[in-house]
Each structure stands twice: as structure tokens, then as C-alpha cells.
Amino acid sequence: MSETTSGATSAQKASPAPPAPGSGASRRGAGHLLRWDVLVTALLLVVFLGGSFTSPSFASAGNLSFALGDLGEIALIALAMTMLVVAAEVDLSVASVLGLSSALVGSLWDAGWAIETIIPLVIVVGAVCGLVNGLLVTRLGLPSLAVTIGTMALYRGLAYVVLGDRAIAEFPQQYASLAVDDVPGTPIPYPVALFVVLAVVTAVVLHSTGFGRSLFAIGSQEEAAFFAGIRVKRIKLVLFVLSGTIAAFAGVVFTLRYGSARADNGVGIELAVIAAVLIGGVDFDGGKGTLGGVIAGVLLIGLLRNLLMLNDVTTEIQSVVTGLLLIVSVLTPRLAAVVRQRRRSPVP
Amino acid sequence: MSTATEAVAGRSARNLVDLVFRARELSLVAALVVLVGVTAAANPNFLSGQGVKDILLNTSILALLAVGQSAVVMTRNIDLSVGSVVGLVAFSAGDFLSADHSRGIVSVVILGVAIGAACGLINGLLVSFCRVPALVVTLGTLYVIQGIDYYLAHGRQINAVDLPAGLLDLGNGSVLGVPYLPLITVLIMLAMGFYLRSYPSGREFYAIGSSPEAALLAGIPVRRRVLAAYLLSGSLAGLGGVLWLARFGTVVADSANGWELLVVSAVVVGGVAITGGVGSVYGATLGALLLTTIGSALVVLRVNPFWQQAVTGALLLLAISVDRVLALRVARLLRRRNVRGV
Amino acid sequence: MGETGTEQPTLALSHVSKAFGAVRALRDVSLELFAGEAHALAGENGAGKSTLVKTLAGVHRPDSGQILLDGEPVVFHGPADAQQAGVAVIYQEPTLFPDLSVAENIFMGRQPRGGLGRIDRRAMNAEADRLFERLGVGLDPQRPARGLSIADQQLVEIAKALSRNARVLIMDEPTAALSGNEVARLFNVVKALREQGCAVLFISHRLDEIFELCQRVTTLRDGAWIAGEPVEGLTHDDLIRRMVGRDLDALYPKQETVPGEVALKVDRLTREGVFADVSFEVRRGEIVALAGLVGAGRSEVARAIFGIDRFDAGSVTVGGTRLPAASPTAAMAAGLALVPEDRRQQGLVMELSIERNIGLAGLRDLRKGPLISRAAERDRARDWAVRLQLKFARLTDGVGVLSGGNQQKVVLAKWLATGPSVLIVDEPTRGIDVGTKAEVHRLLSELAAQGIAVLMISSDLPEVLGMADRVLVMHEGRIAAEIPRADATEESVMSAATGRAA
Amino acid sequence: GGTTKDSAASAAPAAPASSAPAKADPNAPIKEGLKIAFLPKQINNPYETIVDKAGIEAAAEYKGDAKEVGPSDASASSQVSYINTLTQQGHDAILIAANDANAVCGPLQQARAKGIKIVSYDSDASKDCRDIFINQANSEEIGRSQVKLLADMIDHKGEIAILSATANATNQNTWIEFMKDELTKPEYKDMKLVKVAYGDDDDQKSFQETQGLLQAYPDLKGIISPTTVGISAAARYISGSKYKGKVVLTGLGTPNQMRQFVKDDTVQKFALWNPKDLGYLASYAAAALASGQITGAEGEVLKAGKLGERTIGKDGEIILGPPFTFDAANIDQFDF
Ligand SMILES: Nc1ncnc2c1ncn2[C@@H]1O[C@H](COP(=O)(O)OP(=O)(O)OP(=O)(O)O)[C@@H](O)[C@H]1O
Ligand SMILES: Nc1ncnc2c1ncn2[C@@H]1O[C@H](COP(=O)(O)OP(=O)(O)OP(=O)(O)O)[C@@H](O)[C@H]1O
Ligand SMILES: [Mg+2]
Ligand SMILES: [Mg+2]
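Rendered as C-alpha cells:
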């Protein structure tokens, strides 16, 4: 089977960059200052400063703690999603795994299980969900977009099978507060603190280990990576399992944070996660991106939304702003590159 | 390496390959037949006139969007904004008609298609001329168009009583027993399929998706074609919006909300490669038909509503997996038969 | 046929310069192509040949200088304009549409039309068949281009260019992947075209081919014009001196070695439908060549040995340990290295930098604790870049901007840096200029002398004869003959390759 | 070992009394310039828009400053973000139609800790995280009366189905429970509930679910759709299909949506309360709470402008009134 799948993917990924006149050379030169992730970080600062000026409550500890906590699940899932997208894959089923995890937590808790048993079990289920995605993608060579659209329906459906129309509440106080309380002395909720730790680990893995290097190679030229002895399939499998695991964990956090287990928890957040990853400058075709950019992207979307809400900007406008932000975040660097090129070599 | 016998051997192998490629559509038809057969056996009502009519009506708008989407996907791009465009057009067309009952159907169709085309134009310009990744752009326009739609609607609702009878008739009436909607979709599908297969400019869509780099070197007007694909997708989404209004009569802002993934699933199930260059609009339409039929069949088979979504997902996975396994098997078979030098 | 004289050149470059950022790929270069004349373009890797071709093809716009068509200045805004002007180009790297049929690839944009302006597929396929017949190729026009070997892809490109009936035919290393037979057929066709009044620009690193086909030759060095002169009266050494700027050492500096123990043992290896019953051994210190016609299955054997493809029967043993099927990782751990034939798809990650690419096959060696050491990565890359005379601006530049030959060097560097005990090289010098070719050969020879076993697949017969201790000849998926160095001649190898020998 | 539901329940400290029950002062005037916010399940839901608009208009009567904010998707998590924002902005009262009774609870508690009064309407939040729930009608009465309405039209005989909103909608599920209970009474022994389907408050999904129901259960005699989106979609499908006149549809809908289908005889009767009154009442309740007229304790009396007085019932619940049944004779008197 290996030969056919690798053969099939090879030619499809024929170097995507068209031989744009001089694109390669000019992108590097002054490119550093105008990289997406740097730009996004700058925007984030602008939002933060703007927020502090326009709304008195924006920079308050209470608000920031809440706004950060509100991003928790999206941020967690974005870590795994970044690695997947860098390797030119995607997992659209994350929100459904989150829902399934939430439903399981609810029904098991309701059935009288101990929360200490439920949490590891649910995370294992998430890993299995990821494994199914991964096996379908690596063993059958199906495109992950198609596979995870399918499992998105499947896992969400299973969540309904598990919990039906019930909503389970009243989770143990000490766990529930772990999901909302701040680390003492800071406006940082525990899930966010956990996220910071995981983010650092992910950043190191992605940018400074052989595993991370392999992801970039797989993402930009899978066949060449395979020829270089990189275990393409195993790595992808690991990524999907990781993504499922993290999504399930996010489901636990979500359930405890809202104190409510429902089958429809987290519907639609896969697009929010992907939007954050893309705004963070990760190339959907794989092989390009930084984790720092993604974190800036997540924060940018979250804080901007918070700021807009505080200023009574309606949902409609928020939606428009998010969309424009996405477009602008990819358009600006390209336009800047064009302008720079024009300036350097005036076309006769 | 060039002997006459070998060329002949190659050809028979190729016929097999051809069959497999066509089998993408064949296997979809087979899956449909099985699904409909099983369901009809359990509940004959499923194949009654009303039942068939319902399925055709339900499929038509999705299929229409899938036709447009497959043109985009073929060029190795994607259009996630279609759902929002349908919503925007359905609402603004409703608004347009309810404001003045004397406005005719033709004018509303033109308006809808024009709005859709404008959205497609923006997507297309950004993707083809500014060279920004399609997924990001159309995810962005998804949000923007949705925002505009919600802004226009703001909690209002267009009711069937506000609409001219002619439009509602378009959505629910039929000619010789065949409802208008599927008729429109089939006509558009046939025209698109014919164009893409038989005209040089149509083949260029495939070429671009197959290798954008080679397409540039071959002197294909890549930007124009990509722009055309988006225009087409946008216009069809616009038309879809008008048909939506005609069919459902009652619209709020969020018509077709979240349909982007449904349309993409239809296209993918229909065998259009998400990486471009492969597939046909017929397949995409069949994919849409299959998805809709699965949905209806589960209800008719009295599947517990809590199981419906899970079963839909599982069937979807089954469809693409079986297709893929078959393709792999045949490829291996071909290789073994194609022993060089025998 | 018009020997230069006073007539107008069909297509010409006049004082053209082109820079990519800091790299000045062309500096004030002029060149004239006349109807009925084959013009060679010579130069080392990175000299600017492909850039010149792309300028003529409308892919690049010159920074300064002009393109003249029939003496009139023209501006090509894109490849379409050049095609309109009657220029047909075979690019150095095949650029096919993998999902479309071979015939569609050839006629894209110019399909024969039937009623209602529709494509007449039957006519198109027949036309493609005719083209292949002229080239003596047995390709099926209706098969998809996906999965064609590099050589077949190159042939499709040639057919595409021929089908345009162009006034100017530009060929950038069309023969790099071809073996003698196809080259001969190609030359016959090109000669016929030339006699019909077509202007030809031909690029090759095989100097014999230049002398055989061309009347004039222009030499570039580092983007600058060095000479433009008739081929007649020129010797190999003259041409090399113009390209390299100095004299060259022996082209095939084969060192004598005493073969050691068996390093690679392939036993009855079979992959159904591709090759069957392939057995051979390579000893330490030996260079064994795998020769054969294009499509004989040599690359497939190499892929199976390295674990890219799963084999159906047989075994591969490296240094006494049997390799599991289909695991390049295991093969590498056992000391195997494979320099693949398709550098753009298989050899390099185009978007990554030179140093990242060189480090990619040895991520394990670059580790310091759990992390990758950037310093080690840079050192490794710099070391090998110097040894292979890589022409580059910065190690952090993407490999995509390197010239074809320099890309090939990066692939070699990447694998040599892993310190293999068995090295399989598939067309190691494809597209590499004479100077570097000698360098690569010396390197292979040195490696063998150090006790590495080398299996070399090559379509370049002189290279096979010059370098190999033993020659294995494949014919239609089987080993047709094993010829020791002493008996290996052009005739003996070719007759085994074409299936004439027992 | 470990923490289970039972151990947690026994160990859990009694819920702290959130704000010491201040004394109600029935005669306190309504303060001017009260900042009040409506947080519907979802903006763009026409029914909720009617409710909220009426509430905002009511605020103008007592010189309050009211607004409507909300998410575009009907999810609890989006509502929670809004609760937080409203808390930060410092409002006097928040009115919420909860998407999930429990999920909004924590943030509502935080809001109350800052002295913000919480009124839930349409769909209740957990009773210990709000001060008052304005119930459009007694839930039991809604559930039972819907069954009665349908039973009368089909002679107490035949298969029936329910087309609900989302599977998790609290108010829907409560009503459906009462419907099921009502059906156990002997007078309904010939009626059988064959299916509860979910249209997710999505027009098109509800439309398709109706199709499926009618095909799957050819003997179906009646459908109850206790949601405005569901009933209008079902009516539209039935009116254009062969089932028109054979299947009886009833439920909860707005007159404007249903007018056409009442006129063309697809639907004979359906019920609803006046959504404008709901918004009006809720708005006054919020103002009264914020001004200290009431605290939400059982037995207190709410003075609700033109609607007169309502007494606060058990668990801080105020009932708007009995549902009103619309039919061909009276429908033209209403416009909402
Ligand atoms: N798109 C590009 N961006 C930046 N530099 C480029 C680009 N294309 C070519 N170059 C540089 O221009 C120089 C000339 O390259 P070119 O491909 O023309 O060489 P060549 O003579 O064809 O070599 P070879 O024989 O190896 O094919 C090289 O240094 C190469 O790195
Ligand atoms: N991935 C693939 N899929 C399908 N067919 C292939 C694939 N790779 C090679 N082939 C076919 O297998 C045959 C053997 O090719 P192979 O590359 O092994 O030949 P070779 O002897 O190495 O010749 P050369 O390398 O000069 O092309 C060729 O005809 C080629 O078309
Ligand atoms: Mg070159
Ligand atoms: Mg080969």
C-alpha cells in the first residue's frame, strides 16, 4: 500500500509556489520585519493598548482573567492544530471530540463514577478518536479534510448517543474551581497557566527538535521527507492522536469551567481554532509557520472580541472584523512584498 | 521500450483504469441504489411520488452549490463562503421582494446572482491576483458576509405571505411532475460538465489544479480561470439563495448557516480531489444526492434521532473509505498485470 | 541551410541582464538564434543558462536589455506571449499535469477542435501517437502523466515542444535523463526540424552532444557572456576551458580498490509487474553500476532496496542484517543511503533552506540532548557545501532558488553527510556540469576507497564504463548480464540492455 | 474511592446565600436611568427580537436605559462571554434567556456578587443563579394544553409526533415531559406518541424532519411543534404536500408566521402568549428588582405597568398568564 499512497501524494504536492519572478530572493531580504507572526504580535499590542484607553474595565484583572480563561479550550486545541497544519493536515473533528468528551464526563459522573477515573478514561477515548482519524488518513491515504468532516459528524453523533438531550451539572467543587480559579496572586486562570506550560513545550518541540523539523519537511514535501527516512505515517498518526487527546482534555476543562456537560458543547469551535492558526501565520499548505504567531493569533482574536464587546460593538460587526482581520493578516505581507519588489527593481 | 504489443497491453490496462475512474461515479450510484433499496424495502413510502419529490427538492440547492464548489476545488482552491452567500442572498432577495410586490422573478434572480457574483469576484480577486491562500480568504469572507447578512436582517424574518406567488411557485411547482428546482440544477450541471470536459478552457481548470506551476509555464491564463471559478461558485450560490427563498418562503438571517462544510463534503464524497485536478461535477452532484438521501433515509428508517448524526458520519466515512480501498486494489492489480517485458 | 551571414536572427537577446536579489544571474548577455541553425549554450551549474531560457520564454522579464523577434524588439509578458511568437520551450524540470492524460498534456491549450468547438479527443490521441512514433517512444497517449518516470516525462515534454511546430525550439537539458537510444532518436528529429528552418537552442552538460548536434555555441560563466563561436574547430578542452576558466583533471578518476566483504546483498528481489528475481552483491570498496535503458526498472530496484516501495518477494541484506520491507528508516539505520533520481520531488524539500535540507537525513546526528543543535547543522552544511563546490549566496536560502545542478549537489551532500556504508546513487550526475561531475566522480571513487560500497545507477554510458568495477545490466525488469570492468564496453553493455545478449 | 456524584453531594457545603436577602420596600420608586441589558438565546431569532424590543420599549416608560446584546449562535459559551462583558460594564440588571441553565450559572453568580440583578425569561437559568424567572406560561399548563388542543382536533385517536427545537433546550424538554405525562391519562389511551424529532430551531432542518416524520409514520395523525421555528417550517411543508388536510399540526407559533397557513387551512389552531407582554413584564421585573421594590421572594407583588400586578410564586417564578389559542377567527387581530 505504501507505494501507491506515497506515489499519489507526491505529484499532487508538486512545489506549490509558482515561479514568481524573483519571489524567493526578495521574500527573505527585508522579510524579517514583515513576517506574519511579527505583524500579528504588533497588532495584538495595538489592541491591548487601544483597549486600555477606550474601555476602563478592559485591562482590569477580572476582565483579563475572564477573557483569557474564555480562550482556554481554543488555545489548547490550537497547539495541536498548529502542528497538524504545519504537517499539511487538518483535524476538523476537534470540536466534536470536545463534545463527546463532555458528554462522557457528564454521563459517567451521573452514573456515579469517580471524577478521578472519568478524566483519564475520557482522555483515552479522545486519543482513540484521534487514532481513528490518523489511521484513516495514514493507512488509507484519505485526505484529512474529508476524513475529519466525516468524524466530525460521527463523534458529535456519538456524543448525542451518550448523553441524548440531558444536561448534567453539579460537578465537584474542587475540580470545578480548578477550571475557573486564578493561580493565586495573578489574573491567570489555571487552564491558562497549563496552556502556557504546554505552549512552551510545543514551541520547543516544533522549532528545536528533530520531530519538529520533520513536520516542516513533511508539510512542504512529503515525498522528499519520506525519502529522507522520516517516518511520515507514524508522525502523522502521532499528531492526530495528540490532537484527539488534547481536544478531549479541552472537553474536560470546558465541562468543568461551565459546570455543564452537554452533547452540543463546543459546536463550531473548529473554525475558530483554524482561524486563529491561520491568523497566526501558519500556511494551510503546510511547511510554514511559528507557534509564537499562533499564540499571538489566538490572543488577538480573543482580546479583540472582548474589547469590541466591551465597547458595545454588535455581533455582526465582530464577525466582519474577524473576517477582515483574517484577510488582512495574509494580504498585508504579500502586498508589502510586491511593493518592496517594485521599489528594488523598477520594471523597464 | 517501444513495442507494439506493449502499447496494446498498456491500452487494456488503461481501459481498466478508465473504468475505475468512472467507477467513482459508478460506486456512488451503487451506494445510492443500495441505500434507496434498503430504505424502500423497509418503508415503501420512501419511493412514493412525494418521497422522491422531497429528496430531489432537498438535493437541488446543495447540488447547485456543489457544482460551483467543484469548479473551485478543481483548481486547487476552496470556497468556504458559499453558505454565507446563500444566507445573504436569500435574505436580501426576500427583503427586495417584500418591499414591493410588483417586482418580478427575473429581477430577483438577477439581483441574487449579481450579489453572489460580487462575493465571488472579491474572493476570486483576492485569491488569484493577490495570491493569498484560498482557505484563509474565504474563511474571512465567510465571516464578513455573514456579518453583513446579520446586520441587514437583525432579527427580522421574511414570511411567505410577503412574497409574490410566482416565486413560491418556482420553489414548489413542477413541470410534467418534475419540480423546477432539480430541473434547474440538472441543466446547470450538464452544461458545466459538458463545458469542463469538452472545451479547451474547461480542461484548463483541471490543468491548473493538477499543477499550478506547469499551468503558468504552459501559458494558461491561471488568474483569469481561477477568478472565473470563483465567479461561478459565487453566482451559483447567489442563485441558490434565490431558490432557497423560493423553496422555503420563510427566511431568517441564518439560512444555509454552516453549509460550507456540507458542500465540501458533497464535493469530496463525489470524488473531486481536494488537492485539485480530479473529479467531475456529475460526481459532486451525486455526492450531494447521496448525503441528502442518507439524511432522509435515516429519518424514514426511524433511526433514533440521537443516532442519526453518528450514522451519517459513519456512512460518509464508509463511502470514502470503500472508494479508496477499491482504487488501491485496482492500482495494485494493474501493476501486477502490467509486467514490463512479458 | 543558412550559415549565419547577413540574414536576421529569428530570435535574439541583446545585452540582457537579470538579477534575483543579490544574485546576478545574467550580465549583459547577447545571443542570436538563426533559422536552420542549432545553437548550444554551455556553462557550469548556475552559470545562468536556465535563466536565459526562461527569459526567452517570457517567464522572466529582463532587468535591462531587449529581446528581438525577427529584429524587432518585443516584450514577453508571460509564457503565453512567447508561445504566440512561435517559441517552444522544454524546461529543465519537466512540468506536467499529473492528473491529465499524456495527450492532453501535450496539447493543452491547443487541442484539435471538432464540432461546436469541442475538443476532438480522437484526433488528439492520434496526433500524440504520431509524435511518439517520430520519437520512437511507446507511450500510451491516454494514460495519465502521474507515475511516468523522469525520462518518460522528459519525452512527453519533447513531444509537447515538437507539436507546436515552432519557429524556435529551446531545449534546456532535454537529454539529462535519457539514454543513448532516445537521444539518438531525438537528435534525428531535431535535425530534421532544423533543416526545415527551425532555430534551435540546446543545452546539455554532455559535451559530445553539443558537438554532434550544434553549429554554434555560446558559453556563459557566472552569468556573463564568455564566447560565441562556431563549433567547428573547437575541441572539448577548449569548450571546458571557456566554461570553467581552467583545465580539468581526468574525468573519471577511478581509484583501484580491493573489494572487501559483502556490504549489500540483494536476493531474488521481486516486485510484481515492475522487476523480478533481481539478485546481486556489492562489496565494500566496490562501485557497481546498474545500467539499462530508460524504464528497465533500475530506479524501482533502488527504491525497493531502500524501503520506499514494498517488494513482493526476496530479501535485502546490509552488512549481514536483513532489512525489513518498506522501511527507509531501518535501511538508513543499517547504513544505507539513497540519492534519488527525482531531486525536486524526492531529493529536496524545496521550501526549506540549504542547511535544513542537508541536515534532514541526519536529524539524529544533529541532536544535542533532545534538541537540534543549529551550530552542528550549519557546520555540517557548510562543510559539504564547500566540498561539493556548491554555488550559493547564503546557507539559509531556500534550495528552490539554486540552479538545477547545484540542487543535485545539495542532494548528494545530504546523503553523503550521513556517512553511509552502502551508497546507492540514482543518476548522481544528472544535470551536473563537467567540472563538478569530475568532482562527484572523484568523491565516489574516494568513498569506495574508504570502504564504502557504491551502487550507481546511470544512463550515462561513459560514466558507467569509467567508474564501475562491475556493470549489472537490466533489461525489462530483470538482470540481463553482469559484466566485469575489463569486459565492459559500449557494445557489450548496450547489447545486454537491449536484450540482444544471452 | 475518588470523588463521585454522591460523595460530592454529601460533602458540598450548603450553597452560600449569595446576597443577604435585603428587605423589599414595595413603595420604593423605580430609579431613573437604570442600565438594563437583554441577553437573548441568539440575536436574529425573530421571536426573541420581539420580546426584547418590547422590553426595551418598556424601559423607556420608566426612564431606564436598556439594550439588547447577544451571540449569533445559540450556545451557552457565547452567552457566557456576554455575561462577563455586561458585568464588567456595570449594569443594574441583566435579563437572560439561558441556552443552558447550568453553564451560565457561574458567571451569573459573579454578576450577582457585584450587585447586578438577574432576571431570566423564556428559558430559565438554574434557580440559584437568578433572582426571578419570568415564565411565559405555566410550563405544566403549556405541556398539557398542547396535548388537549391536538386531541380535540383528532378525536383522541391516532399516532402523534413532536417536533422540538434542539435536544438540549430546557424549556422544550420540560414541556415535552408534561406532554408525555398528560398522554398517560385514560382519555388519551388511543393516542400514541411515536417520535420526538429535533429540528434544531433551524428552518431547513425542521422542514426536512417533518418530511421524514410523515414518511416514516404513514399513519401519523398529528404533530405538535412547541417552537415557533418548527411549527412554521412544518406548516410550510404540509401545505405544499399531499399530507395537507390529513395531518393536523399544532404547537406554539407567532400569528404573523402562521397567518398564511391558517388561512389556507393547513393549521386550525395553535397557541402562544403575547411575546411583547413577556418582554414588557421581564423589563419591569428587572427594574423593580434593581430599585429594591422586590427581592424575588415568594409572595412579593410586582407592579408591572400596564400589565397590572403579578405575584411572585415559588422559586422566584412569575407567570405571564395562560397561553392564548389562535385560530382563523381571531388571528387577524394580532400583528407580531
Ligand atoms: N528564482 C530565482 N531566485 C533566486 N535566484 C535564482 C532564481 N533562479 C535562478 N537563480 C540563481 O541564478 C543563477 C543562475 O541559475 P540558472 O538556473 O540559470 O543556472 P543554470 O546555468 O541553468 O545551471 P544548471 O546547469 O545547474 O541548470 C543561480 O545562481 C541560481 O541560484
Ligand atoms: N510511481 C510510479 N507509478 C507508476 N509507474 C511508475 C512509477 N515510477 C516508475 N514507474 C514506471 O515504471 C517503469 C520503470 O521505471 P524506472 O524509473 O525504474 O526505470 P529506470 O530503469 O530507472 O529508468 P529511468 O530511471 O532512466 O527512467 C517506468 O516505465 C515508469 O514509467
Ligand atoms: Mg539550468
Ligand atoms: Mg531511473
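Those protein sequences? They're chains G, V, L and A, same order as listed. Each residue of the first sequence is one higher than the one before, counting from 156 in this note's numbering. Each residue of the second sequence is one higher than the one before, counting from 3 in this note's numbering. Each residue of the third sequence is one higher than the one before, counting from 1011 in this note's numbering. Each residue of the fourth sequence is one higher than the one before, counting from 23 in this note's numbering. Think of the CB as a built atom: it goes at the ideal place given N, C-alpha and C, for glycine as much as any other residue. Treat the numbers as computed from the prediction; the structure is a model and nothing was measured.
Checklist line | Contact set between residue 152 (chain V) and chain A, taken where Cβ atoms lie within less than 7 Å | finding: 66, 94
Notebook entry, point to check: Quick one: what does DSSP say residue 1246 (chain L) is sitting in, helix, strand or coil?
Noted result: helix
Next item on the list: Give the secondary structure of residue 1221 (chain L) by DSSP, where H, G and I count as helix, E and B as strand, and everything else as coil.
Entry: helix
Notebook entry, point to check: Is residue 1182 (chain L) near ligand 3, judged by its Cβ being under 7 Å from some heavy atom?
Noted result: yes
Margin query: On the CB-based measure, 16 or more other CB atoms within 10 Å of its CB, does residue 1089 (chain L) come out buried or exposed?
Written below: buried
Item checked: Partner residues on chain V for residue 1141 (chain L), Cβ-Cβ distance less than 7 Å -> Near residue 1141 (chain L) there are no residues of chain V at all, since even the closest Cβ is about 13 Å away, more than 7 Å.
Notebook entry, point to check: Any heavy atom of ligand 3 within a distance shorter than 7 Å of the CB on residue 1414 (chain L)?
Noted result: yes
Item checked: Buried/exposed call for residue 40 (chain V), threshold 16 Cβ in 10 Å -> Classification for residue 40 (chain V): exposed.
Note to self: Would the segment 1369 to 1384 of chain L count as touching the segment 361 to 371 of chain G if we require 3 or more Cβ pairs under 8 Å?
What the structure shows: yes
Note to self: Here's the rule: buried if 16 or more other CB atoms are within 10 angstroms of the residue's CB, otherwise exposed. What is residue 206 (chain A)?
What the structure shows: exposed
Check: With 16 as the cutoff for other CB atoms within 10 Å, does residue 82 (chain A) come out buried or exposed?
Finding: It is exposed - the Cβ of residue 82 (chain A) has fewer than 16 other Cβ atoms within 10 Å.
Check: Where does residue 1485 (chain L) land, buried or exposed, given buried means 16+ other C-beta within 10 angstroms?
Finding: For residue 1485 (chain L), the number of other beta carbons within 10 angstroms of its own is at least 16, and it is reported as buried.
Check: Which residues does DSSP pair with residue 1483 (chain L) in a beta bridge?
Finding: L:1301, L:1491
Check: Can you find a heavy atom of ligand 1 that lies under 7 Å from the Cβ of residue 1470 (chain L)?
Finding: no
Check: Hey, is residue 1418 (chain L) close to ligand 3, as in C-beta under 7 Å from one of its heavy atoms?
Finding: no
Checklist line | Check whether residue 455 (chain G) and residue 283 (chain G) have beta carbons under 8 Å apart | finding: no
Next item on the list: Taking residue 327 (chain G) as the reference, give the member of G:269, G:298, G:301, G:349 with the closest Cα.
Entry: That would be G:269, whose Cα lies nearest to the Cα of residue 327 (chain G).
Next item on the list: Could you list which residues in chain V have their beta carbon closer than 9 Å to that of residue 1129 (chain L), in chain order?
Entry: 199, 200, 201, 202, 204, 205
Item checked: Local conformation of residue 181 (chain V) per DSSP, three classes -> Taken through DSSP and simplified to helix, strand or coil, residue 181 (chain V) comes out as strand.
Item checked: Members of the segment 267 to 292 of chain A that neighbour chain V once the beta carbon cut-off is set at 7 Å -> 278, 279, 281, 282
Notebook entry, point to check: Quick one: Cα of residue 74 (chain A) to Cα of residue 188 (chain A), how far?
Noted result: Note on geometry: alpha-carbon atoms of residue 74 (chain A) and residue 188 (chain A) lie some 21 Å from one another.
Note to self: Beta-carbon within less than 7 Å of residue 84 (chain A)'s beta-carbon, same chain only, minus the 5 sequence neighbours each way: which residues are those?
What the structure shows: 52, 309
Checklist line | Host beta strand (DSSP E) of residue 244 (chain A) (start-end) | finding: 242 to 247
Check: Can you find a CB in chain V that lies within less than 8 Å of the CB of residue 254 (chain A)?
Finding: The beta carbon of residue 254 (chain A) falls within 8 Å of a beta carbon belonging to chain V, placing the residue at that interface.
Note to self: Quick check: is the beta carbon of residue 190 (chain A) nearer than 8 Å to any beta carbon in chain G?
What the structure shows: yes
Check: When DSSP builds the beta bridges, which residues end up paired with residue 1001 (chain L)?
Finding: Residue numbering for chain L in the displayed model covers 1011 to 1512; residue 1001 (chain L) lies beyond these limits and cannot be assessed.
Checklist line | Environment of residue 340 (chain G) [buried if 16+ CB atoms lie within 10 Å] | finding: exposed
Next item on the list: Go ahead and pull the three-state DSSP assignment for residue 1074 (chain L).
Entry: strand
Checklist line | Element boundaries [beta strand (DSSP E), containing residue 134 (chain A)] | finding: It is not in any beta strand (DSSP E) - residue 134 (chain A) instead sits in the alpha helix (DSSP H) that spans 127 to 135.
Margin query: Does the structure place the segment 1065 to 1074 of chain L close enough to the segment 1154 to 1168 of chain L that three or more beta carbon pairs sit under 8 Å?
Written below: no
Check: Going along the chain, which residues of its own chain have a beta-carbon closer than 8 Å to the beta-carbon of residue 188 (chain G), five neighbours each way excluded?
Finding: In this predicted model, residue 188 (chain G) has a pLDDT of only 48, less than 50, meaning its place in the structure is not dependable; the value taken from the coordinates is given anyway. Excluding sequence neighbours, residue 188 (chain G) sits near nothing in its chain.
Next item on the list: Starting from the C-beta of residue 1056 (chain L), find all residues in its chain whose C-beta is less than 6 Å away, skip the five residues before and the five after it, and write them out in chain order.
Entry: 1401, 1413, 1416
Notebook entry, point to check: Does residue 209 (chain V) come within less than 8 Å of chain D when only Cβ atoms are used?
Noted result: Given the protein chain composition of this structure (G, V, L and A), no chain D is represented.
Next item on the list: Mind checking which residues open and close the alpha helix (DSSP H) that includes residue 464 (chain G)?
Entry: 446 to 465
Item checked: Helix, strand or coil at residue 412 (chain G) according to DSSP, with G and I counted as helix -> helix
Next item on the list: Return the bridge partner residues of residue 1390 (chain L) from the DSSP annotation.
Entry: Residue 1390 (chain L) pairs with nothing; no bridge assigned.
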